[in-house]
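Asker:
2 protein chains.
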Amino acid sequence: MADEQDASNSTSPTIYDVARACGVAASTVSRTFSRPGRVNVETADRIRRVAAEMGYRTNTVARALPTSQTALLAMVVPTVPDRFFIEVIRGAKAAAIAAGYTLVVADAGLSADAERAAVNRLIPVVDGVILAGSLLPDSSIRVAAKQRPTVVLNRAMTDVASVLTDSADGMRQAVEHLTALDHRELTYLAGPEASWSDGMRWRSFKVETQRLGLRARRIGPIAPTQAAGMAAASTFAEQMTSGVIAFNDFIAVGFVSGLSRLGVRVPDDVSVIGFDNTAAGFSNLPLTSIAAPLPHLGGQAVRTLMRQIAAARPGRPDAPGAVRPTRLPAQLVVRSSTAPRARRDSNAPGSGERAA
Amino acid sequence: MADEQDASNSTSPTIYDVARACGVAASTVSRTFSRPGRVNVETADRIRRVAAEMGYRTNTVARALPTSQTALLAMVVPTVPDRFFIEVIRGAKAAAIAAGYTLVVADAGLSADAERAAVNRLIPVVDGVILAGSLLPDSSIRVAAKQRPTVVLNRAMTDVASVLTDSADGMRQAVEHLTALDHRELTYLAGPEASWSDGMRWRSFKVETQRLGLRARRIGPIAPTQAAGMAAASTFAEQMTSGVIAFNDFIAVGFVSGLSRLGVRVPDDVSVIGFDNTAAGFSNLPLTSIAAPLPHLGGQAVRTLMRQIAAARPGRPDAPGAVRPTRLPAQLVVRSSTAPRARRDSNAPGSGERAA
DNA sequence: CACGGGCCGACAATCGGTTGCCAAAACTAT
DNA sequence: ATAGTTTTGGCAACCGATTGTCGGCCCGTG
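In order, the protein sequences belong to chains X and F. Everything in the first sequence is counted per UniProt numbering, starting at 1 for the first residue and increasing by one. Everything in the second sequence is counted per UniProt numbering, starting at 1 for the first residue and increasing by one.
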């Protein structure tokens with residue numbers, strides 16, 4: 001008894017301690033926890049009871065050595081998460097817990113190098129990695145994917161699993177919405193050049209405006225911040241269009257304040273649509289935005305990852321060749337930053353060649 | 001040669017593979033990396049070169065088993081991080097990397113139970129834990145601290161290391177600022193009841209107002225969101241004071257919009273001060289706020305943790321008895337949400353018993 | 001030339017589980 | 001009662017590092 005007190009006092013008990021206390025072999029204790037049906041119910045009950053009494057908790061790092069499974073999932077996000085990723089993380093976390101995994105979040109710093117460092121640090125310790133808004137080139141991502149199951153978010157890759165919002169369809173909805181409001185000339189406020197999403201959105205913007213026979217302009221690249229959006233307003237003022245679609249809500253919100261500073265009113269003079277629906281209740285003007293199903297995005301990423309982890313178990317060490325991206329629907333949320341085009345078409349400076 | 005190809009192909013090389021390739025014992029390879037001077041320079045160089053060629057990377061979980069050191073630090077934050085924690089995390093991350101550690105962030109869900117679960121999952125895998133804005137009762141924190149070095153943020157504890165902003169002094173600066181502007185009646189917009197910080201701030205508020213002979217009111221508890229802050233404006237309107245200090249900037253920003261909706265102008269009619277300085281450029285009105293040195297807070301937490309980890313190494317398993325909280329200075333940042341008290345004192349409904 | 005001391009590398013135990021294989025025990029069927 | 005099958009628990013070999021201990025080698029000095 002004194003002996004057991006001492007043991008429990010110094011370090012936490014191991015399966016060997018439990019085994020000795022129960023008069024069974026350590027392997028039996030191990031199986032009691034890891035292989036449910038394998039041990040006689042009575043024996044298992046007794047072991048469980050004693051283990052609980054002794055305060056036994058299985059040492060996850062010891063377990064990870066032979067099985068190379070840590071029940072940890074890593075999600076790497078650019079620098080520190082903004083509203084967008086917050087929602088994604090929420091969904092991912094729920095899905096991870098549901099699957100018996102723990103999700104840890106690491107921020108990637110601001111450079112590709114810092115991100116690579118973060119990934120390298122984490123990869124040996126986790127069972128899978130979700131790369132969200134990665135700054136890494138495709139080749140680096142492939143390297144990571146070769147070592148651990150990997151899923152990329154909002155970025156299409158042919159040889160690494162990916163989950164993304166159908167922003168092309170979101171863009172279609174946005175452009176059609178503006179068209180229905182009689183806007184015939186649209187400007188796209190572009191995001192950072194390095195952003196994969198931005199390229200995607202701009203491409204869709206061109207496709208849709210062309211399809212509907214609209215005039216399309218583009219301003220940018222613009223950093224994804226309110227300040228940069230605000231600054232972009234003056235560039236825009238030199239040659240205005242009645243409809244504007246921004247790379248994301250941060251830019252859109254800043255842009256709207258920039259316009260109001262210039263005396264241009266939203267939505268009276270200009271209709272503005274953002275992306276990602278992250279600005280709800282952010283500024284005074286409720287912003288029309290293309291909403292991505294953020295938590296679903298995260299959840300889906302985790303589920304895709306889990307499938308890969310399960311598949312990697314038996315023989316195949318990696319790359320199942322080509323994989324098709326999972327595409328989740330976007331939805332336009334109409335608020336009060338969009339309105340029918342005003343009839344009068346002078347008033348604003350440089351309103352230029354409007355088609356009457 | 002074909003043999004080595006196969007080996008490197010299937011799984012990543014181990015020290016044994018490197019040792020065989022070099023014709024030395026595995027222990028020598030191990031020491032080459034962990035105990036610099038212990039191995040002959042030539043031998044070490046050769047081993048390092050071969051290891052690099054083979055792409056050897058030390059398996060951190062295997063290393064963690066005998067040493068029980070994972071070089072991982074966990075920071076647990078309530079639900080998903082807002083602007084406040086984003087800055088704290090940034091500072092903590094930098095400090096962790098500087099010390100050769102990796103910081104992982106886990107969100108605690110919304111309940112104490114979820115937080116406990118998160119902590120329990122993480123504790124066996126990390127070398128130390130930082131609890132930020134924890135919802136846990138002191139007793140649970142003590143339990144965690146008994147298992148791993150632990151530091152709590154913005155919460156004073158006598159037997160667990162803590163790092164916190166000197167919000168009492170921040171409150172003093174805020175109240176003195178308002179006094180200097182001739183405000184004689186102040187309202188405190190209280191945050192969530194469970195919040196340790198809120199209790200602290202309210203207490204300081206009372207102390208300071210009393211010291212300066214001001215009238216003090218309190219409204220709340222209010223959820224730390226803009227929406228809740230906005231809603232609080234109508235309660236406030238029933239009995240206004242010319243000066244207001246809010247639990248944090250979210251509440252303050254919402255409160256200001258709520259006031260403007262009611263036709264009360266800031267800072268003309270009411271001066272408002274927030275806490276944490278997280279609303280920079282958030283709304284149209286630059287908010288006067290009590291700024292905490294957020295990144296320093298995170299960095300200091302990590303450094304405190306590292307000291308504990310180092311101390312825990314030799315003999316002492318835990319609790320060094322009583323520890324004094326580390327207090328970091330707060331600073332009032334004056335912007336345009338505060339102004340001298342207006343002379344006229346009717347106009348607003350229920351402006352009540354003003355003294356003069 | 002012999003002896004003491006440093007330096008260096010190897011052996012083997014250990015961290016705490018997991019799991020393939022085997023044998024004893026219990027049960028079923030003939 | 002015997003042979004055949006299924007449970008069930010134990011033995012021991014891993015997983016990939018770390019580290020205490022020991023013996024061999026080389027050097028210097030008496």
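Ideal Cβ placement from N, Cα and C applies to all residues, glycine included. This structure is a prediction, so every number in the text was calculated from the model and none was measured.
Mind reading off the beta-carbon distance from L285 (chain X) to S234 (chain X)? Whole number of angstroms is fine, and I expect it under 8 Å.
Answerer: That belief does not hold up - the Cβ atoms of L285 (chain X) and S234 (chain X) are roughly 19 Å apart, past 8 Å.
Asker: Does the Cβ of G199 (chain X) have 16 or more other Cβ atoms within 10 Å, making it buried, or fewer, making it exposed?
Answerer: Burial call: exposed.
Asker: What is the residue span of the beta strand (DSSP E) that G274 (chain X) lies within?
Answerer: Start and end: 271-275.
Asker: Which word fits E42 (chain X), buried or exposed, when buried means at least 16 other C-beta atoms lie within 10 angstroms of its C-beta?
Answerer: Exposed is the call here.
Asker: Leaving aside the five residues before and after W196 (chain X) along the sequence, list all residues of the same chain whose C-beta is less than 6 Å from its C-beta, in chain order.
Answerer: Only R155 meet the Cβ criterion.
Asker: I want to see whether chain X comes within less than 9 Å of N59 (chain F), judged by CB atoms only; does it?
Answerer: True, the Cβ-Cβ gap to chain X drops below 9 Å.
Asker: Any beta carbon from chain F within less than 9 Å of D107 (chain X)'s own beta carbon?
Answerer: So yes, D107 (chain X) belongs to the interface.
Asker: Using the Cβ count rule (16 or more neighbours within 10 Å means buried), how would you classify R261 (chain F)?
Answerer: Exposed, by the Cβ-count rule.
Asker: Hey, could you find the ends of the beta strand (DSSP E) M75 (chain X) is sitting in?
Answerer: First-last of the beta strand (DSSP E) with M75 (chain X): 72-77.
Asker: Closer than 9 Å, Cβ to Cβ, to anything on chain F: give me those residues from the UniProt domain "HTH lacI-type" (13-67) of chain X, in chain order.
Answerer: Within the UniProt domain "HTH lacI-type" (13-67) of chain X, the qualifying residues are R57, T58, N59, T60, V61, A62, A64, L65.
Asker: Between I86 (chain X) and chain F, is any beta-carbon pair separated by less than 9 Å?
Answerer: For I86 (chain X), the answer is yes, since a Cβ of chain F falls inside 9 Å of its Cβ.
Asker: Could you tell me which uninterrupted beta strand (DSSP E) segments, each at least 3 residues in length, are contained entirely in the stretch 75-122 of chain F, listed from first to last along the chain?
Answerer: Entirely contained in the stretch 75-122 of chain F, the beta strand (DSSP E) runs reaching 3 residues are, in chain order, 102-107.
Asker: Does chain F have any CB closer than 9 Å to the CB of P267 (chain X)?
Answerer: No, its Cβ sits nowhere closer than 9 Å to a Cβ of chain F.
Asker: Compare the Cα-Cα distances from Q300 (chain F) to each of F:I47, F:P267, F:G91 and report the closest residue.
Answerer: Nearest option by C-alpha distance: F:G91.
Asker: Taking the C-alpha atoms as reference points, what is the distance between Y101 (chain X) and R148 (chain X)?
Answerer: Distance between the alpha carbons of Y101 (chain X) and R148 (chain X) is about 15 Å.
Asker: Under the three-state reduction of DSSP, which class applies to G243 (chain F): helix, strand or coil?
Answerer: Reduced to three states, the DSSP call for G243 (chain F) is strand.
Asker: Out of curiosity, what's the CA-to-CA distance linking A117 (chain X) and I123 (chain X)?
Answerer: Rounded to the nearest angstrom, the two C-alpha atoms are 10 Å apart.
Asker: Specify, as a first and last residue, the run of the alpha helix (DSSP H) that S257 (chain X) falls within.
Answerer: Looking at the DSSP string, the run of the alpha helix (DSSP H) that includes S257 (chain X) is 249-261.
Asker: Give the range of the alpha helix (DSSP H) segment to which Y16 (chain F) is assigned.
Answerer: Unbroken alpha helix (DSSP H) run through Y16 (chain F): 15-22.
Asker: How long is the line joining the alpha carbons of R327 (chain F) and T187 (chain X), rounded to whole angstroms?
Answerer: If I take the Cα positions, the gap works out to 51 Å.
Asker: So with CB distances below 7 Å, who are the chain F contacts of residue 372 (chain X)?
Answerer: The question about residue 372 (chain X) has no answer, for chain X in this structure spans 1 to 356.
Asker: Mind pulling the chain X residues with CB within less than 9 Å of P224 (chain F)?
Answerer: Near P224 (chain F) there are no residues of chain X at all, since even the closest Cβ is about 14 Å away, more than 9 Å.
Asker: So V151 (chain X) is in the beta strand (DSSP E); what residue range does that whole segment cover?
Answerer: Counting along the chain, the beta strand (DSSP E) containing V151 (chain X) begins and ends at 150-153.
Asker: Look at the alpha carbon of D82 (chain X) and the alpha carbon of R83 (chain F), and state the distance between them as a whole number of angstroms.
Answerer: In a straight line, the C-alpha of D82 (chain X) is about 8 Å away from that of R83 (chain F).
Asker: Does the distance from the C-beta atom of V129 (chain X) to that of L297 (chain X) stay below 9 Å?
Answerer: No, the pair does not count as a contact, with Cβ atoms beyond the cut-off.
Asker: Going by other Cβ atoms of all chains shown within 10 Å of its Cβ, with 16 needed for buried, is R172 (chain F) buried or exposed?
Answerer: Result: buried.
Asker: Shortest alpha-carbon distance to F250 (chain F) belongs to which of F:L287, F:T241, F:Q239, F:I219?
Answerer: The shortest C-alpha separation from F250 (chain F) is found at F:L287.
Asker: For S140 (chain X) and I97 (chain F), I'd like the C-alpha separation in whole angstroms.
Answerer: Going by the C-alpha atoms only, they are around 22 Å apart.
Asker: Scan the stretch 159-245 of chain F and note each continuous beta strand (DSSP E) run of 3 residues or more that stays entirely inside, going in chain order.
Answerer: Here the runs fully enclosed are 161-165, 185-189, 215-219.
Asker: Counting contacts by CB-CB distance shorter than 9 Å, is V125 (chain F) in contact with chain X?
Answerer: Chain X contact via Cβ: present.
Asker: DSSP three-state label for T326 (chain F), please.
Answerer: It is a strand residue.
Asker: Cβ atoms of F247 (chain F) and P224 (chain F): under 9 Å apart, would you say?
Answerer: Their beta carbons are under 9 Å apart, which means P224 (chain F) touches F247 (chain F) by this criterion.
Asker: Within 9 Å of any Cβ in chain F, is that where the Cβ of A74 (chain X) sits?
Answerer: So yes, A74 (chain X) belongs to the interface.
Asker: Have a look at A99 (chain F) and E185 (chain F) and give me their C-alpha separation to the nearest angstrom.
Answerer: About 48 Å.
Asker: Excluding sequence positions up to five away, which residues of its chain have a Cβ less than 6 Å from the Cβ of G258 (chain X)?
Answerer: M230, A233.
Asker: Which residues in chain F sit within 9 Å of T70 (chain X), going by Cβ to Cβ distance?
Answerer: Chain F residues near T70 (chain X): V61, V125.
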